[in-house]
Amino acid sequence: HLSDFPDQSQEFIAFCEQDGVELLLQLLKVRDFKLIMKIPKYLQLEFLRRKGSEYVKAWYLHYVLDYIKMAPALTPEDVINRTEAKFGTSEELETVRDFVQANAEEILQDCR
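At position 85 of the sequence shown (counting the first as 1) the number is 989 in the numbering used here, and the numbers step up by one without a gap.
Okay, structure coming up:
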């Protein structure tokens, strides 16, 4: 839900207003366009990391499933690899990778 409707989560809005400004300033100092384009997702991940690993796993799973649905030319493995390239590796993303690999056939049937 946070990924699709961040403006409907009062807790996320409060996080952005309190801590988001400092995080954004750090990102903007880098002056890296690709990094700046990641800001909305970066803020969501930072917010969820503070809530716990299960929240991060759920976010990654939601992101990957949406990506699989929107990019039918890519395999689930391609989507995971691109997600990892965009956000870096993490224990949570590895868990999602394992789940997607183990259930790739069913996921493709459901998402396409």
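Even glycine gets a Cβ: it sits at the ideal position worked out from N, Cα and C.
DSSP places residue 977 in no alpha helix (DSSP H); its state is neither H nor E. Nearest neighbour of residue 976 by Cα position, chosen from 962, 951, 1004, 1016, turns out to be 1016. Note on geometry: alpha-carbon atoms of residue 971 and residue 983 lie some 7 angstroms from one another. In the three-state DSSP reduction, residue 987 falls in the helix class (H, G or I). Counting only residues of its own chain and dropping the five nearest sequence neighbours on each side, residue 998 has no CB closer than 7 angstroms to any other CB.
With distances taken between CA atoms, residue 938 lies nearest to 990 out of 990, 1007, 958. In this structure, residue 940 lies near residue 931, with their beta-carbon atoms less than 8 angstroms apart.
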